[in-house]
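Novice: So the protein sequences, as listed, match chains A, B, C and D.
For what it's worth, the numbering used here labels the leading residue of the first sequence as 9, then goes sequentially.
For what it's worth, the numbering used here labels the leading residue of the second sequence as 10, then goes sequentially.
For what it's worth, the numbering used here labels the leading residue of the third sequence as 564, then goes sequentially.
For what it's worth, the numbering used here labels the leading residue of the fourth sequence as 7, then goes sequentially.
Glycine included, C-beta positions come from ideal geometry on N, C-alpha and C.
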Amino acid sequence: MLQFFLKRLMALVLTLVVASGVIFLCLEIVPGDPALYMLGLNAQEDTLAALRAELGLDMGPLARYWAWVSGMVVGDFGISYTYRTPVAEMVAERLKVSLPLAVYALTLSTAIAFPAGIWAASRRGRGADIAVMGVTQLGVAIPNFWFAMLMVLVFAIQLRWFNAGGFAGWEAGVGPALKSLTLPAIALALPQASILARVMRSALLESLNEDYVRTARAKGLSRGQALWRHALRNALIPVLTIIGLQFAFLMAGAIIIENVFYLPGLGRLVFQAISARDLIVVESVVMLLVFAVVVVNFLVDIAYALVDPRLRGQV
Amino acid sequence: MSLRNLIIGGTLSGVFLLAALLSFLWVPQDVTQLDIANKIRPPSAGHWLGTDHYGRDILSMIMVGARTSIAVALVAVGIGMGLGVPLGLAAAARHGGWLDEAIMRGNDLVFAFPSLLIAIMITAIFGASAVNAIIAIGIFNIPVFARLTRSGALSLWRRDFILAAQVAGKGAVRISVEHILPNVTNLLIVQGTIQFSLGILAEAGLSYVGLGAQPPTPSWGRMLADSQTMVSFAPHMALFPGMAILLTVLGLNLLGDGLRDMLDPRLRRLR
Amino acid sequence: MSLLQIDKLSLAIGGVQILHDVSLRLEAGQILGVIGESGSGKSMTAFAVTQLLPVGATCRGRVLLQGQDVLAQTEAQMCQLRGRVVSMVFQEPMTALNPLHPIGQQVAETIMVHENISRSAAMARAAQALTRAELPPERFPMGRYPHELSGGQRQRVVIAMAIALRPSLLIADEPTTALDVTTQAEILALLRRLVQEDGMGLMLISHDLAVVADMADQIVIMRQGEVVEQGPAAQLFSGLRHPYSQALLAASGHVPARPHRGQLGAPLLEVQRATRRYAGPRRGLWGRAPGFEAVRDVSFCLRRGESLGLVGESGCGKSTLTRAILGLDALQSGSIAFDGQPVWAGGSPARAVRRRMQVVFQDPYGSFNPRWKVARLVAEPFHLLDQPPTGAARRAAVNEALHSVGLTAADGDKYIHEFSGGQRQRIAIARALIIKPDLIILDEAVSALDVSVRAQVLDLLADLSGRFGLSYLFISHDLGVVRAITDRVLVMRAGQIIEEGPTEQVFASPTHPYTKELIAAAPVLPAYAKEIAQ
Amino acid sequence: MFAGWYKKGALAAAALVAGMGMAEAKTDIIVGMQLEPPHLDPTSAAAGAIDSVLYSNVFEGLTRFMSDGSVVPGLAESWDISGDGTVYTFKLRAGVKFHDGTDFTADDVKFSLDRARAEDSQNAQKALFAGITDVAVIDPLTVQVTLGAPNGAFLFNMAWGDAVIVAPESIDTIKTNPVGTGAFQFANWVQGDRIDLVKNPAYWGTPAKLERATFKFISDPTAAFAAVMAEDVHAFAGFPAPENLPQFDADPRFQVLVGSTEGETILSTNNKMPPFDNLMVRKALAHAIDRQAIIDGAMFGYGTPIGTHFAPHNPDYVDLTAQSAYDPEQAKKLLAEAGFPDGFKTTLKLPPPSYARRGGEIIAAQLRAVGIEAEISNLEWPQWLEQVFRGKDYGLTIVSHTEPADINIYARPEYYFQYDNPAFQTLMADLTNTTDPAARSAMLKTAQTIIADDYVNGYLFQLAALSVANAKIDGLWANAPTQATDLTAVYWKD
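#1: Quick one, which of A:A243, A:A197, A:A58, A:M208 has its alpha-carbon nearest A:L109's?
#2: Please tell me whether D:T33 has its Cβ less than 9 Å away from any Cβ of chain B.
#3: Would you list the residues sitting across from B:D66 in a DSSP beta bridge?
#4: Identify, in the order they occur along the chain, each residue of the same chain with its Cβ nearer than 8 Å to the Cβ of C:K936, setting aside the five sequence neighbours on each side.
#5: Under 9 Å, Cβ to Cβ, is there at least one residue of chain C near B:H188?
#6: Which residues in chain D have a C-beta closer than 8 Å to the C-beta of A:Q52? List them in chain order.
#7: Could you give the DSSP three-state label for C:L848: helix, strand or coil?
#8: Is C:L582 helix, strand or coil by DSSP?
#9: Would you kindly work out how many angstroms separate the C-alpha atoms of A:L277 and D:A331, rounded to a whole number?
#10: Are the stretch 285-302 of chain D and the stretch 364-383 of chain D in contact at 8 Å, needing three or more beta carbon pairs?
#11: Please work out which residues of its chain come closer than 7 Å, Cβ to Cβ, to B:I16, disregarding the five sequence neighbours upstream and downstream, and give them in chain order.
#12: How long is the line joining the alpha carbons of D:D296 and A:L158, rounded to whole angstroms?
#13: Residues of the stretch 275-288 of chain A with a CB closer than 9 Å to any CB of chain B: list them in chain order, please.
#14: From the DSSP output, read off the bridge partner residues of C:A620.
#15: C:G816: buried (16+ other C-beta within 10 angstroms of its C-beta) or exposed?
#16: When the Cβ atoms of the stretch 80-88 of chain A are set against those of the stretch 164-184 of chain A, are three or more pairs found closer than 8 Å?
#17: Check distances from the C-beta atoms of the stretch 114-135 of chain B to those of chain A and list, in chain order, the residues that come in under 7 Å.
#18: Is the shortest distance between the beta-carbon of C:L940 and the beta-carbons of chain B less than 9 Å?
#19: Whole angstroms are fine: how far does the CA of D:K205 sit from the CA of D:I36?
#20: Distance cutoff 9 Å, beta carbons only. Does D:P44 sit that close to anything in chain A?
#21: Cβ of D:G309 less than 9 Å from any chain B Cβ?
#22: Starting from the beta carbon of C:S1028, find every residue of chain A whose beta carbon is closer than 8 Å, and list them in chain order.
#23: Assuming D:G38 contacts D:V239 (C-beta within less than 8 Å), just tell me the rounded distance between them.
#24: In chain order, what residues of the stretch 910-924 of chain C put their CB closer than 7 Å to some CB of chain B?
#25: Show which residues of chain A have a CB atom less than 8 Å away from the CB atom of D:V196.
#26: Cβ closer than 8 Å: which chain C residues qualify as neighbours of A:E218?
#27: Which residues in the same chain have their Cβ closer than 7 Å to the Cβ of A:R131, if we skip the five residues on either side of it in sequence?
#28: Please classify A:P151: is it buried, with 16 or more other beta-carbons within 10 angstroms of its beta-carbon, or exposed?
#29: What's the C-alpha gap between A:P42 and D:N250?
#30: At which residue ranges does the stretch 711-742 of chain C contain complete alpha helix (DSSP H) runs of 4 or more residues, listed in the order of the chain?
#31: Shortest alpha-carbon distance to A:L103 belongs to which of A:L274, A:D309, A:Q280, A:L297?
#32: Which of the three DSSP states, helix, strand or coil, is assigned to D:Y422?
#33: List the endpoints of the continuous alpha helix (DSSP H) containing C:H966.
#34: List the residues that DSSP assigns as beta-bridge partners of C:Y978.
#35: Can you grab the Cα-Cα spacing for the pair B:A29 / D:F423, in whole Å?
#36: Here's the rule: buried if 16 or more other CB atoms are within 10 angstroms of the residue's CB, otherwise exposed. What is D:G67?
In structure tokens:
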């Protein structure tokens, strides 16, 4: 078990090192001078040089890479070029929105997908199955930003049940904060729930076809008992993979939705930082998201081992 | 069930494909001509789907936009297949070797990057254009096809007919081309259809944030973005392009499901 | 009242008639053997009794279990009966158990489903059941997971689950087909013992006449959904009326007529001290677990014109040895020479040698690229020739090969899925013959075939060896087949050859204890049946 | 309508108005803005968003702009100008305190001006201070500024947001905690979301009527619309989607404020790049453009056509739009005369604002009609600055020049549109040295005519200042003489 951990940890670190190099290289070739952006049309050459020196942009690329990576290891992500505040603080502030939003959306998605997928699988080929499959087909096909637009139109502007956007802030209390995340979470969760429900259904159908389910039936278990006691846990493995992927996606993929609902989240920070050539913020956030993906995958692997004793043995 | 999927999906995707093709020959109104005086008109006999904020005919825009969406998604799938399939075949042929390991780790690396973010970064680096949208979407198709091809190929490599080909003195490359590739085409067709539909969604998303095809080339995502502030008084501007995306993606997904069931009922459902 | 009485059972799935008027009966404490080849409907009969039929299946007739017609029971009532009154054991023990639950829990589940008892009480009863199935918890803790057990042990768990509530009827559907012959003998003995102890009825379904004939009190022979013959085992064989059952019996004891050859030729294949080691799985970052020697210090010689058998149970190293002989893998030490030339030379297999050896594999379904036409499949070994025939000459060669295995030239334009299993093995043989090799390796080449088809293929092989002067290396786990077609036999176990000698001599008086065990374990037709067969 | 409004208001402000009587007017406001400031130092960045939040609210200069664009005394109560126009003696207001309690004195003025013109200054408008040769403290309330040469625009320059007075005590943390002398003081900044200001109780002038002001940053135009409609914000300064204004106008809950800005929106033309180095081609360009269609199509009717680089609301403005009237036939003829009967291809590089993106699409279509194929590429600001502004790698671009009275940029031959006319340069040099109002006015009019005659750029329209506010709010600026959202006089009507 320890060796497995070490091996995975090593792979994790390696991925991160390679990823950091790729990210840095990519952003090295981004055209655009952050200093010029900040000082605008009437800036003079000497002013720009002064600002560049302050930002550390006059150092060589290797020196900057080293400064960035070595800082990151100890939690120092550097100082934002445009905001002039520590990137770590900015990111922490944005995570207070992005993380709960991702968790909220994932919770919704799982809460919808599990019952729907199980229901469809247990009624394979019948009305319920066809209905669930039809709705999920729509859910997968609908562009989530369009869906978000429609929801704002209906629920915020017409019915005025929700605010059109913005984040109430945790200091306003959990209720208002969650309320302001509700529409975005639904917009994010709908396609995810559809995909997850379909995966759940097909994984369940597959494990329902397994020999051990027939064995269970031969013991005298009813169809439902066999599904709950034997098929479901075996079907969880592909479902877990998808949940892991979705969480990673939700952390980063909310950019568009954050824009529609003007949430001060991580995605919007990156989007703004890219437009402002605030490269250090871009680098750090992308790195953080890669880190999140890698860690989530790692956790999913561990979860496999918890679900499946066969893997536990190898572990 | 599968036949119905096939028919509905085929019809929907077919309609949009035909609309795209037809737009090369004829559109109700030239989309490069603006008619500011007739902007934002609701659907009427003259403009079946109304006009947009420059007075362009929305039906024509959707037809020409279909061209953009289909072209971007198709080439992106092409990139994914063109690079991913050989990589997957090579990884499977050298299963357990360093090449396999390198390819799979490379895949993991690409998967570790948040795709939308990278697409935005790519367009930020090289500028917004249809070509860069294609590259951004295409890159993330590579590991999808590499992984699929590898897993399909691995199960084939365990089959006796591969052993027979080896006994006949054939090398890994020849076996991959002659035996493996023809037997993974079903998988590739099905996944290709799905990636195609995802590509259309991705293109819509990118051009929605302004990173896709540039004006005056119409694209569905930008039509939605343009309509966004007007949806409250001109809902037709948002409704029709949105429906176009929805129906095309739906059609392709149904087609993919139908093809999967038709080509191989035992095929693992990947989604 | 019989324990089980089936009257004129007909079954259709989606409009396709599977069973026609099947009638049979089984008394408590007796063993009913149901014999048939694939597609005979024997398994469907069993599933009809438990009502675990595929979706869309409809039954007519009566299936009386202890006088109750199961066809009239509701699903809820059937759930009450399954596991308590009637239990089942299946063919594939590797997949029959839920991989995520410990074995004790799976056995206990049978009890808890039917009886309102505490978990610990159920576990105690499960321990008893496992002990009766010869898996005492002292040696095989109930917390073990299925993947930690061998195939035979898993089948014992399945049996323990089935007998935990001492049902009146146990249905065993090919319970030993997936197992090695020694394990098969143990499992059959276990089943027999349980029948005696519990006085339950056993419905034993098998394709193997010998397995059933040895065990059963009553025998039913099925074919294409119909019962063609039934009666008490002792009398049945002497009075076989139906031509099919007569042919079945004949085929199962079939010995093909092989041409007699005088002196054996020069050594063709010489294997000397061959050792093939597999690297262990990676451990940690750099280390590897100790390797595993699949083939250890194996030496033998095959002479021109000889038919050499290689027997052994799964995992003994047969396949690894085959791959090495074919030049697909290099050896770690030792050498393999074909007609004096090394098979593996200078880091790559020698083409000149490989074109003189061909192979026929076990699986008639997996041996062919489903996207190629037969002509192209058969011609594939031409790749080994420096100047392969092209155009008409190529096609002529293909036709000739097809003819020599009893197929027609027109078959060359078909795809492989248009052929039956037996025909496919003929095509595989045609593919092997096409470049006129000296040696054909038959790797379990008839193991997947039904008895009657198997007999025909064996006849073909015998005939071809005479016509083309072929040598065979015949690899199989089936002792009967090896005995019927080889001149000499090698017995392999754990990577080593433990016994070698003329086939009849080895079978008649084995010297190594393992060989003895192997031969003893092989199910054989009772002497009276054997006589009739011959 | 009222009931609905109250419900929402109660939700948003529940914490603040707890205990307040129903009859009392609200004393807090949430103002929406599209862009968030990158940081909060107006003296070291070009970002207009900084001024939008802080100008006049938190920071003040020696002089200040009024809503109509006029310049009035700010922290300087009065001033004397020496006869030769090179020495300005400012008399400062007494009793002014910074928000941190320290006194405002002449030393702070000297510090601020010296910092802005220093060697390592990061001031985005360093040119404003270029003429200063010395800043001397006479006494705590008197400061003397000496210029190298007379500058007619010096008092105007001192009103800019880049020239506000900062204190040496708080300069190190100014980017996150700005300390000024204004009627509001900075309270809190939730990055990516909002900035809170609270009333400065110790303000030297007329105190603010509001207790609290929140700037909420909503970059997406749709979200901006939704936020106003749902009354999540009480006002939106610089509303980004003119197409939505008619809806607000029709809704009694809202008022729409349409004013003027200093933003001349022009089709900037690379005067050094063939074929735009040909006057005939530039003239053709001017005639190919239908300004009204652009204003209607891109700005939904908001904006005033201009024929030169000057704000129409300025008394010195000359209307030269007729000189470049829309006449595609004339444009084609001119192109043919210039040697381009079949037109030509060029690039049209567009920065992010919607006037540029939308206007660009319309202009491209109009140019196509006369045979000019303008390939659009949409750029982010940094790319635009790099490629267009600094690299001069472009044919055409659209940008709004929002700096006030900036016709002098035509005197800089290295400026991105590369207009090099010695006569114009001399005129501008003379203008700087001229203090007589009448002479200045005449010179400015001449300048407008010169650039219009040279068709330096395509002059499109003056950007309108568009704001939406709750109908009960009074005191907001309609015009935008500089980028400011002056809340000092804003209050809720009962």
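Specialist: If we stick to the structure as given:
#1: By one-based count along the first sequence, residue 109 of chain A stands at place 101. For the residues A:A243, A:A197, A:A58, A:M208, the minimum Cα distance to A:L109 belongs to A:A197.
#2: Residue mapping note: residue 33 of chain D aligns to position 27 of the fourth sequence, counting from 1. Residue-level contact check: D:T33 does not touch chain B, since none of the beta carbons of chain B fall below 9 Å from its beta carbon.
#3: Numbered from 1 along the second sequence, position 57 holds the residue referred to as residue 66 of chain B. In the DSSP output, where bridge partners are listed per residue, B:D66 has B:T60.
#4: If you number the third sequence from 1, residue 936 of chain C lands on position 373. Within the same chain, and ignoring the five residues on either side of C:K936 in sequence, the residues whose Cβ sits closer than 8 Å to its Cβ are G975, D976, K977, Y978.
#5: On the second sequence, residue 188 of chain B is found 179 positions in, with the first residue counted as 1. At least one chain C Cβ lies under 9 Å of B:H188.
#6: Mapped onto the first sequence, residue 52 of chain A falls at position 44. Chain order gives the chain D residues near A:Q52 as K132, A133, where near means a beta carbon separation below 8 Å.
#7: Taking the first residue of the third sequence as 1, we reach residue 848 of chain C at position 285. Low per-residue confidence applies at C:L848: pLDDT is 48, beneath 50, and the placement is therefore not dependable, though the value from the model is reported in the following sentence. C:L848 carries a coil assignment under DSSP once its states are collapsed to helix, strand and coil.
#8: Sequence index remark: in the third sequence, residue 582 of chain C carries index 19 (1-based). Three-state DSSP puts C:L582 in a strand.
#9: As a first step, residue 277 of chain A must be located in the first sequence, where it is residue number 269. As a first step, residue 331 of chain D must be located in the fourth sequence, where it is residue number 325. The C-alpha of A:L277 lies about 44 Å from the C-alpha of D:A331.
#10: Yes, the stretch 285-302 of chain D is in contact with the stretch 364-383 of chain D.
#11: Against the second sequence, residue 16 of chain B aligns to sequence position 7. So the list is empty, once near-sequence residues are dropped.
#12: By 1-based counting over the fourth sequence, the position of residue 296 of chain D is 290. By 1-based counting over the first sequence, the position of residue 158 of chain A is 150. D:D296 and A:L158 have their C-alpha atoms roughly 35 Å apart.
#13: Within the stretch 275-288 of chain A, the residues whose Cβ lies closer than 9 Å to some Cβ of chain B are G275, V278, F279, I282, S283, R285, listed in chain order.
#14: As a first step, residue 620 of chain C must be located in the third sequence, where it is residue number 57. C:A620 is bridged to C:I576.
#15: Position 253 of the third sequence, counted from the start, is the residue given in the question as residue 816 of chain C. C:G816 comes out buried.
#16: No: the two stretches stay apart, fewer than three of their Cβ pairs being nearer than 8 Å.
#17: Per Cβ criterion, the list reads D117, L118, A121, F122, P123, L125, L126, I129, M130, A133, I134.
#18: In the third sequence, counting from the first residue as 1, residue 940 of chain C sits at position 377. Cβ-Cβ to chain B under 9 Å: yes for C:L940.
#19: Reading the fourth sequence from its first residue, position 30 is the one you call residue 36 of chain D. Reading the fourth sequence from its first residue, position 199 is the one you call residue 205 of chain D. Cα to Cα, the separation comes out at about 14 Å.
#20: In the fourth sequence, the residue the question calls residue 44 of chain D occupies position 38. By the rule that beta-carbons nearer than 9 Å mark a contact, D:P44 touches chain A.
#21: Residue mapping note: residue 309 of chain D aligns to position 303 of the fourth sequence, counting from 1. So, not an interface residue.
#22: Against the third sequence, residue 1028 of chain C aligns to sequence position 465. By Cβ distance, chain A contributes nothing, its closest Cβ being about 40 Å from C:S1028, past 8 Å.
#23: Locating residue 38 of chain D in the fourth sequence gives position 32, where the first residue counts as 1. Locating residue 239 of chain D in the fourth sequence gives position 233, where the first residue counts as 1. Yes, D:G38 and D:V239 are in contact; Cβ-Cβ is about 4 Å, under 8 Å.
#24: Taking 7 Å as the cut-off between beta carbons, the residues of the stretch 910-924 of chain C near chain B are R914, R917, Q921, V922, F924, in sequence order.
#25: Position 190 of the fourth sequence, counted from the first residue, corresponds to residue 196 of chain D. What D:V196 touches in chain A: E101, G177, P272.
#26: Position 210 of the first sequence holds residue 218 of chain A. Chain C residues near A:E218: T658.
#27: Along the first sequence, read from residue 1 onward, the residue named residue 131 of chain A stands at position 123. The residues are D137.
#28: Mapped onto the first sequence, residue 151 of chain A falls at position 143. The residue is buried, with at least 16 neighbouring Cβ atoms inside 10 Å.
#29: Locating residue 42 of chain A in the first sequence gives position 34, counting from the first residue. Locating residue 250 of chain D in the fourth sequence gives position 244, counting from the first residue. Distance between the alpha carbons of A:P42 and D:N250 is about 33 Å.
#30: DSSP runs (the alpha helix (DSSP H)) wholly in the stretch 711-742 of chain C: 714-726.
#31: Residue mapping note: residue 103 of chain A aligns to position 95 of the first sequence, counting from 1. Of A:L274, A:D309, A:Q280, A:L297, the residue nearest in Cα terms is A:L274.
#32: Residue mapping note: residue 422 of chain D aligns to position 416 of the fourth sequence, counting from 1. Coil at D:Y422, not helix or strand.
#33: In the third sequence, the residue the question calls residue 966 of chain C occupies position 403. 954-967 is the span of the alpha helix (DSSP H), which, as asked, contains C:H966.
#34: The residue given as residue 978 of chain C occupies position 415 in the third sequence. Paired residue(s): C:K936.
#35: Here residue 29 of chain B refers to the residue found at position 20 of the second sequence. Here residue 423 of chain D refers to the residue found at position 417 of the fourth sequence. Cα-Cα distance, rounded: 41 Å.
#36: In the fourth sequence, counting from the first residue as 1, residue 67 of chain D sits at position 61. D:G67 comes out buried.
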